[in-house]
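Step one of this worksheet: look at the structure below.
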Amino acid sequence: MSADEQSPEAARQTGGITWREGNVPFSPQFGDIYYNPKNGLAETQYVFVSGNNLPEAWQNRENFTIGETGFGTGLNFLAAWDCWQKDPARSKRLHFVSVEKFPLTRDAIARAHQNWLELAEISDQLVTQWPTGTMLPGVHRFDLGDGSVTLTLLIGDAIDCYRDYHGMVDCWFLDGFAPSRNPDMWRPELFTALAAASSRDGATLSTFSAARIVRDGLEQAGFEVAKRKGYAYKRDMITARLAPKGTDKSADRGKGMDENPWFVLPKVTDNKRVAIIGGGMAGAACARALQNRRCAVTLFEKSERLANAASGNPIGMLEPYFTADNAITGRFYEAGFRYSQRLVRSLSEAGKIEADFCGVLDLISSQRDEERQAGMMQRLPDSRNLVHVLDREAASSAFGLPLPHGGLFYPGAGWVNPPSLVTCLASGIECHTNTPIAAISEYGTNKVLHSVGGQEFGPFDAVIIAGATETKGLDQTAWLSDYLRPVRGQISYFDDSALRECYGDAKIRCVLSHKGYLTPARAGIHVFGATFDRNDDQTDLRETDHAHNRRQLGRVLPELADRLEAIKLEGRAALRTTTPDHLPMIGPAPDYDAYLSAYHDIDKGKKAARYIDAPYHKDVYICTGFGARGLIAAPLAAEIIASEICNMPLPLEKSLMDAIHPARFIVRGLKRRQITA
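Residue numbering for the sequence shown is 23 to 699, as defined by my numbering.
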């Protein structure tokens with residue numbers, strides 16, 4: 023073993039790689055280096071950037087999307103970003119979608135980038151956001167370059183990932199270890215998936231390979247293939263072009279997102295002026311996401327101030343939601359936590375919001391909890407940066423007070439002050455408080471909002487309904503009354519002095535999650551709770567709910583709960599909105615009657631191709647139903663809505679997009695004959 027290589031154990035700890043010639047990563051699994059150690063950047067610029075006619079192809083465009091197979095060290099991404107930012111005629115936004123089955127660690131990424139000092143500035147931006155822990159399978163979204171550059175990283179097998187992703191890709195960097203070393207990727211199914219994920223306006227492609235299997239696979243998928251002189255000593259490389267959909271030269275690329283016509287997203291028009299109804303977490307997050315896309319946003323809130331409902335609680339847990347079986351619900355909230363964690367951390371480090379990544383301890387308080395946690399740990403990778411098991415003694419030490427059980431500790435989790443987050447997200451946005459909206463009407467091709475007091479606002483190009491139960495009061499979303507359910511939640515507060523009377527100088531060091539939760543002190547106040555009362559839409563403060571919260575706390579900290587019996591507790595009650603399947607509704611607003619007419623017989627098993635694309639209320643979107651998980655879902659939901667409105671690559675795979683689509687309840691009802699036209 024040379025001095026530059028690592029032992030197998032060290033390689034496992036740095037992303038399954040060893041090092042050659044100082045900072046060149048080598049994959050023992052594939053028996054190859056990640057890039058040319060002498061001129062890797064120049065090769066990337068020739069093969070992928072120049073091979074796709076960049077920068078010319080993106081010039082004077084609103085959006086431009088590059089797709090890639092094999093993210094590796096991120097060299098191709100940095101090369102494209104560097105070229106883009108140096109081009110004065112560049113597109114307004116650059117999107118880079120890539121896939122990686124074996125993501126490198128943050129330290130490995132940073133070390134590999136040391137070879138290109140000219141890319142140091144943008145490399146630092148990427149490395150700063152790169153997770154310190156294990157990257158779980160699924161979609162990871164990174165906002166870079168002051169919001170003008172997005173990296174959407176799909177973790178998993180390239181074929182599986184692109185089969186389940188609608189990328190609207192304009193050009194492809196077909197990279198990865200060579201076909202001779204990684205034959206599992208270079209299969210016909212991959213080329214078909216790439217064609218299906220391409221833009222309707224066509225796409226280009228380039229690759230270092232000139233292998234026959236690549237040429238044949240691309241041609242069978244509908245690409246027109248040509249040879250080009252390879253870089254340096256390589257004789258040939260391949261470039262290819264995919265014709266726009268609907269032309270004589272376009273092949274059948276599969277339906278992609280159009281596979282289920284009832285979930286096809288609407289064609290986007292010019293949406294630059296957007297109204298948002300609802301000034302809570304969801305509405306503020308949507309405002310920020312659209313503002314980052316240079317849209318003119320106006321926010322409407324029925325109450326006196328923003329964050330007046332559940333978003334007004336002084337502390338909210340920022341805790342991951344993992345499941346043992348990797349079900350759809352868990353996958354969505356995992357993705358949501360990842361996005362929120364990056365957002366909150368960046369805003370907190372900039373001093374713009376109140377938050378603390380002190381960790382969350384998920385306590386075992388029943389046999390069911392123990393079984394659930396054991397199942398989760400079997401599925402999750404062994405990574406102390408992500409989650410690890412603590413016995414009772416270790417859990418007590420991490421929490422700061424003696425506990426009756428151990429549990430799972432999430433070191434990257436913590437708490438947030440939701441009002442500070444909402445205020446920050448809505449900064450610079452035109453806001454109208456004390457303005458309940460009663461109706462949305464048509465104004466030519468635009469929309470006008472009508473307040474309860476008779477005021478008119480607009481016109482707007484698009485409207486997002488991001489309220490709670492009041493969503494049911496608008497004509498376009500009245501049908502949601504059967505699916506949006508109010509849930510009352512009351513939290514309780516106590517002063518830090520009560521803790522000192524029980525435990526002396528001991529401090530609560532992290533958030534405790536059990537049947538309820540307990541937070542560290544914020545401004546000398548601890549928060550615990552909360553109740554969860556379905557179909558209760560009142561927000562009065564109740565002593566019975568304080569008693570409930572004390573009982574829950576008493577199961578893990580009986581001495582503290584007894585002390586709180588003698589104290590008059592303060593608190594806060596607010597309403598959350600849930601759905602029957604515990605997933606939010608995110609996406610375009612279905613035209614309920616038109617859905618019933620178009621899909622009245624989908625229970626008959628007819629082919630999807632026989633049906634029309636989904637009918638919607640034009641340029642109206644829904645973003646609601648987060649329950650108690652708004653902190654880990656609303657920022658991602660906002661990114662989804664903004665991407666839909668602005669015709670940009672989506673931050674979730676197709677299966678999850680279908681699962682959160684507002685029309686899913688209509689479709690299920692028709693299929694199960696619970697709804698009839």
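Yeah, the Cβ is synthetic: ideal placement off N, Cα and C, and Gly gets one too.
Across the set Trp80, Arg112, Asn137 and Glu90, the C-alpha of Asn137 shows the shortest separation from the C-alpha of Arg42. The continuous beta strand (DSSP E) containing Ala248 extends over residues Phe245 to Lys251. Short of 6 angstroms from the beta carbon of Gly489, and not among the five residues preceding or following it, lie these beta carbons of its own chain, in chain order: Ile299 and Gly300. Out of Asn407, Glu140, Ser221 and Asp258, the CA that lies nearest to the CA of Arg237 is found in Asp258.
Apart from the 5 residues on each side of it in sequence, Leu423 sits with its Cβ closer than 7 angstroms to the Cβ of Tyr525, Ala528, Ile530 and Leu579 in its chain, given in chain order. Under a 10 Å Cβ-count criterion, His117 is classified as buried, with 16 or more other Cβ atoms of the shown protein chains found around its own Cβ. Shown here, His410 sits in a strand according to DSSP, grouped into three states.
Between Phe164 and Ala655, the CB-CB gap reaches or exceeds 9 angstroms.
Per the coordinates, the alpha-carbon of Gly436 lies some 23 angstroms from the alpha-carbon of Cys308.
If you check the CB distance, Thr601 and Gly652 do not come in under 9 angstroms. Going by DSSP, Asp238 is part of the alpha helix (DSSP H) stretching over Arg234 to Gln242. Within the same chain, and ignoring the five residues on either side of Tyr617 in sequence, the residues whose Cβ sits closer than 6 angstroms to its Cβ are Ile688.
Cβ-Cβ distances below 8 angstroms link Leu212 to Thr91, Ala180, Ile181, Tyr184 and Gly239 in the same chain, with the five nearest sequence neighbours on each side left out; the list follows chain order.
A straight-line Cα-Cα distance of about 38 angstroms links His548 and Ile177.
Counting of Cβ neighbours within 10 angstroms places Arg690 among the exposed residues, the total staying below 16. The residue from Asn407, Thr40, Leu383 and Ala681 with its alpha-carbon nearest to that of Asp413 is Leu383. Ranking Arg686, Tyr638, Ile634 and Gly609 by CA distance to the CA of Ala304 puts Gly609 first. For Arg632, the number of other beta carbons within 10 angstroms of its own is below 16, and it is reported as exposed.
In the three-state scheme derived from DSSP, where H, G and I count as helix and E and B as strand, Met679 is classed as helix. The C-beta of Ile634 has fewer than 16 other C-beta atoms within 10 Å across all chains shown, which makes the residue exposed. The distance from the Cβ of Ala329 to that of Val444 is about 4 angstroms, consistent with a contact at the 8 angstroms cut-off. The beta carbons of Phe322 and Leu471 sit about 7 angstroms from each other, so the pair counts as a contact at 8 angstroms. Excluding its 5 nearest sequence neighbours in each direction, Arg83 has C-beta neighbours in its own chain below 7 angstroms: Ser113, listed in chain order.
Per DSSP, Val444 is one residue of the alpha helix (DSSP H) stretching across Pro440 to Leu447.
When the alpha-carbon of Tyr68 is set against those of Gly198, Ile451 and Ala102, the nearest one is in Ala102. Considered as a whole, the region 102-188 harbours 115-122, 160-166 and 171-177 as its complete beta strand (DSSP E) runs of no fewer than 3 residues, in chain order. By the CB criterion at 9 angstroms, Asn669 and Arg544 fall outside the cutoff.
Cβ-Cβ separation between Ala377 and Val366: approximately 5 angstroms, consistent with a contact (criterion under 8 angstroms). Inter-residue distance for Leu425 and Asp559 is about 35 angstroms (C-alpha atoms, whole angstroms). Assignment of Ile589 by DSSP, reduced to helix, strand and coil, places it in the coil class.
Gln313 carries a helical assignment under DSSP once its states are collapsed to helix, strand and coil.
Under DSSP, Tyr465 takes part in a beta bridge, and its partners are Asn468. The beta carbon of Leu674 sits closer than 7 angstroms to those of Val161, Ala357 and Ile662, all from its chain and outside the five residues before and after it, given in chain order. Per DSSP, Asn571 is one residue of the alpha helix (DSSP H) stretching across Glu565 to Gly576. For the 9 angstroms CB-CB criterion, Val319 and Glu452 form a contact. Using a C-beta cut-off of 8 angstroms, the region 290-297 makes no contact with the region 146-161, since fewer than three inter-stretch Cβ pairs fall below that distance.
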